[in-house]
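One line per chain: the protein sequences are U and B, in this order.
For the first sequence, the numbering used here puts the final residue at 856, and the numbers step up evenly by one.
For the second sequence, the numbering used here puts the final residue at 856, and the numbers step up evenly by one.
Just below is one structure, and these are the notes that go with it.
Protein chains: 2
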Amino acid sequence: MKVLILGGAGMIGQKLAHDIAANGLSGDTAHELILHDIITPPWNGKGSPTLLTGNISDPETSTALAASKPDLIYFLSAIVSGDAEANFAKGWDINMRSAWNLFEAIRAEHEASNGRYKPKVIFSSSLAVFSGPYPDTIPDDFFTAPQSSYGAQKAAVELLLADYVRKGFMDGFSMRLPTICVRPGKPNLAASSFYSSIIREPLNGQEAILPVPETLRHWFASPKSAVGFMTHAASISASQLGKHLSLNLPGVSCTVADQIEALHDIAGADVVKLIKREPNEAIQNIVMGWPERFAAKRALNLGFQADKDFKAIIQTYIDTELCHK
Amino acid sequence: MKVLILGGAGMIGQKLAHDIAANGLSGDTAHELILHDIITPPWNGKGSPTLLTGNISDPETSTALAASKPDLIYFLSAIVSGDAEANFAKGWDINMRSAWNLFEAIRAEHEASNGRYKPKVIFSSSLAVFSGPYPDTIPDDFFTAPQSSYGAQKAAVELLLADYVRKGFMDGFSMRLPTICVRPGKPNLAASSFYSSIIREPLNGQEAILPVPETLRHWFASPKSAVGFMTHAASISASQLGKHLSLNLPGVSCTVADQIEALHDIAGADVVKLIKREPNEAIQNIVMGWPERFAAKRALNLGFQADKDFKAIIQTYIDTELCHK
């Protein structure tokens, strides 16, 4: 099977590619892996995947990628929400038009092959398709009313994907991932960055800033679970999802206080002391409107698995990032 | 005020244009009217509007239309659902890409004018953005999961419009119209065509075919109400809608039996006898999944008005179409 990962240099793309190279996919280890990104995807794993560089919003890129006829395409490429909000045209180009171009290129190959070519596309969508007010537990059929360009772009690609799949040009579905935590590496400019920082920095002996009240509740998955969602998705077809091809994924719902308590249990009081309270109204205004908990019943019934709890999420970070240092 | 009607040769576009020419809009009668369509819009009303012909999916069309700086744009142009389903690329081009092109052209004019140019766009959306199973009364925040290309295209334009409005490039919102009934003229190939035929043909002394059970319930508005929705929309800004810029409009919920009873009350038993039962499974498969009733609370609170009942809908047809023959 030929597997193409768009956004192959990104955090999830890299972990997914290395996981597939090491463990195979759906019980099959004879994969041809292709990683594509705007920068050359790094590689230190098993085998030698094809590493491609290019602009995904360039139609020729989509044409060339579809012409290589991958069987499975992970669409993980995107610019982040802050970038999409600051650069309107770039956001719609990279986060939406690129997907449409790819789906059109797939349709052309599908038709040129008299329907024999019909790849599966797994699209990485986002909780940003939603806006509040939310019920305590958000049902699978909660309506989309994005309040960011990033969210609108993700929701628009969900619509496109669903129509291309419904028409039989390709297989696939969209997965709305929880906020990924603990992200390895350095803090970034995302409003959600502190969710990883308050765990990661203290575990590395550094101070971290907590800009929000400890009562704030949100929805999380570890990078390991995110990779698990992706590999599990390879075994699932659109027909198993019924008419609604956008899936809210399972996660861990917890408050900042729960996160800190889990860190205390694992690493002790001295580590927790490295978290400094510095309320930041700008960050609060963004993240306090975020969803707190999803039912994710359909995804659970389809076998998608969340982390056990936030302690498990921290332990995943320690096991996969700190122990290799 | 300069008013542009896209789809100006269509049934609603024509009625809207003639209404604005005769009665003004928002109390202002000094309008410059521009009608645009793929065919030259007919005109037999007051004044002499500009009648433009062109392909709305051609980017130069959008650029030229935005350069003329209309203050209010009614986006009514579309190919119908059957055409969009049969001609996939054409449907996405005309029903979706054209709107994106127009919004981009508006954004360019907005930015070139340092934000002074900020028109209002009223987008004609559809119940086809939804799919069942439905609750008895569909709430304003029911989720969208279109099961036709037409519905997916309408839902995608709703997302685009909401993001361009949220960013301040333009004002406006999307209105999901009930099924328009009684349509004047001849039956067409739409699955919904019989809803008008079973009233219109008997009133004109002709037989009509009823392909569905009389228990089937659906959601209707007269062409007169549709024009009323459009003219009322001119007085409403996106800010009055809050974060969710797609509005389910009010209508009349009734069964086919209710429709026939109303026709009987107005025109008598001999007219009703012209309705022939010929069950058609293909039509039933399409229309029996359609929504039956909407709450439309937000639209009602904003002053949008439905027809009083189905008798009023029939009377509108008689008054506006038959009395002028």
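Think of the CB as a built atom: it goes at the ideal place given N, C-alpha and C, for glycine as much as any other residue.
Scanning its chain for C-beta atoms nearer than 7 Å, with the 5 sequence neighbours on each side dropped, one finds around residue 738 of chain B the residues 732, 805 and 807, in chain order. In the three-state DSSP reduction, residue 600 of chain B falls in the coil class, being neither helix nor strand. When the beta-carbon positions are compared, residue 678 of chain B and residue 662 of chain B come within less than 8 Å of each other. Residue 592 of chain U is classed as buried because its beta carbon has at least 16 other beta carbons within 10 Å across all chains shown. Taking a cut-off of 8 Å for Cβ pairs, the segment 636 to 651 of chain B and the segment 574 to 585 of chain B do not touch, as fewer than three such pairs fall below it. Taking C-beta separations shorter than 8 Å and ignoring five residues to either side along the sequence, residue 799 of chain B has no partners in its chain. For the segment 667 to 683 of chain B, the residues whose beta carbon sits under 8 Å from a beta carbon of chain U are, in order, 672, 673, 674, 675, 676, 677, 678, 680 and 683.
Residue pairing by DSSP places residue 779 of chain B opposite B:707 in a beta bridge.
Beyond the five residues adjoining it in sequence on each side, residue 794 of chain U comes within less than 7 Å, by CB distance, of 730, 733, 802, 803 and 845 in the same chain, given in chain order. Secondary-structure assignment with DSSP links residue 593 of chain U through no beta bridge to anything.
Leaving aside the five residues that flank residue 588 of chain U on each side, the residues in its chain whose CB is nearer than 7 Å to its CB run, in chain order, 624, 625, 628 and 629. Interface residue (Cβ-Cβ distance to chain U less than 8 Å): residue 662 of chain B is classified as such. In the displayed model, residue 605 of chain B falls within a strand according to three-state DSSP. For residue 774 of chain B, the chain U residues whose C-beta falls within less than 9 Å of its own C-beta are 662, 663, 676 and 678, listed in chain order.
Residue range 629 to 643 is occupied by the alpha helix (DSSP H) that includes residue 636 of chain U, with no beta strand (DSSP E) assigned at that position. With respect to the C-alpha of residue 602 of chain U, the residue from U:595, U:612 and U:651 having the closest C-alpha is U:651. Beyond the five residues adjoining it in sequence on each side, residue 765 of chain B comes within less than 7 Å, by CB distance, of 556, 557 and 603 in the same chain, given in chain order.
Residue nearest to residue 821 of chain B within the set B:763, B:676 and B:565 is B:676 (criterion: CA-CA distance).
Bounds of the alpha helix (DSSP H) holding residue 762 of chain U are 754 to 764. For the segment 640 to 659 of chain B, the set of residues with a beta-carbon nearer than 8 Å to any beta-carbon of chain U is empty. Here the alpha carbons of residue 778 of chain B and residue 692 of chain B stand approximately 13 Å from one another. Counting only residues of its own chain and dropping the five nearest sequence neighbours on each side, residue 742 of chain U has a CB closer than 8 Å to the CB of 725, 809, 810, 811, 814 and 815. Counted as a single uninterrupted DSSP element, the beta strand (DSSP E) harbouring residue 567 of chain U occupies residues 563 to 568. For residue 536 of chain B, the three-state secondary structure derived from DSSP is strand. DSSP, reduced to helix, strand and coil, places residue 651 of chain B within a strand of the structure shown. Restricting attention to U:536, U:532, U:771 and U:543, the CA atom closest to the CA of residue 709 of chain U is found in U:543. Our two residues, residue 773 of chain B and residue 761 of chain B, have alpha carbons roughly 19 Å apart in a direct line. Proximity of residue 694 of chain U to chain B, defined by a Cβ-Cβ separation below 8 Å, is satisfied. Put simply, the CB of residue 690 of chain B is near chain U, with a gap under 8 Å to one of its CB atoms. Looking at U:658, U:828 and U:617, the one whose alpha-carbon comes closest to that of residue 720 of chain U is U:617. With three or more CB-CB distances shorter than 8 Å, the segment 748 to 757 of chain U counts as touching the segment 824 to 838 of chain U. If you check each beta-carbon in the segment 609 to 636 of chain B against every beta-carbon of chain U, the ones closer than 7 Å belong to 619. Per DSSP, residue 804 of chain B lies in no alpha helix (DSSP H) and is assigned neither H nor E. Distance from the CA atom of residue 716 of chain B to the CA atom of residue 571 of chain B, rounded to whole angstroms, is 19 Å.
Taking the CA atoms as reference points, residue 568 of chain U sits about 8 Å from residue 541 of chain U.
Between residue 851 of chain U and residue 786 of chain U, the C-beta spacing is not below 8 Å.
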